[in-house]
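Just below is one structure, and these are the notes that go with it.
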């Protein structure tokens, strides 16, 4: 988590507070601020922070951006959170089961799916 916080500090300040309406986090571009829901678990916090770092890097405007921007943020977050070697190990051990892999990799299932998309987009990352 410390590495993620250091990376976040390159792009924005990070704050935590209870967020309404099911929001887990957001990036406020005008304030250069990432806000995380203070009730998140450690795994949720890591994944949401990595996702919001992507938004901060690109200075994405507003919450609930279009699907392309959200997909990019998920894929970039997965790249921050998962190494190709660890992914290959988890995929072999859990025979591609997303939930098992997520537990092994200490990420949320959406990060596993996003990493799969990343491998699809760039097969050279695959560990054979």
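In the numbering used here, the protein residues as written are 2 to 129.
Ideal Cβ placement from N, Cα and C applies to all residues, glycine included.
Every value quoted in this text rests on a predicted model; they were computed, and no experiment measured them.
Please give the ranges of any beta strand (DSSP E) in the region 21-91, keeping only runs that are unbroken, at least 3 residues long and fully inside the region.
Qualifying beta strand (DSSP E) stretches, in chain order: 26-29 and 34-38.
Closer than 8 Å by C-beta to residue 97: which residues in its own chain qualify, once you throw out the five before and the five after it? Chain order, please.
Counting only Cβ-Cβ distances below 8 Å, and skipping sequence neighbours, we find nothing.
Report all residues from its chain with a CB closer than 7 Å to the CB of residue 118; omit the five preceding and five following residues, and keep chain order.
Here the set comprises 76.
Assuming residue 108 and residue 99 make a contact with CB atoms under 8 Å, what is their CB distance in whole Å?
The pair is not a contact, with the Cβ atoms about 10 Å apart (cut-off 8 Å).
Can you look up residue 15 in the DSSP assignment and give me helix, strand or coil?
Reduced to three states, the DSSP call for residue 15 is strand.
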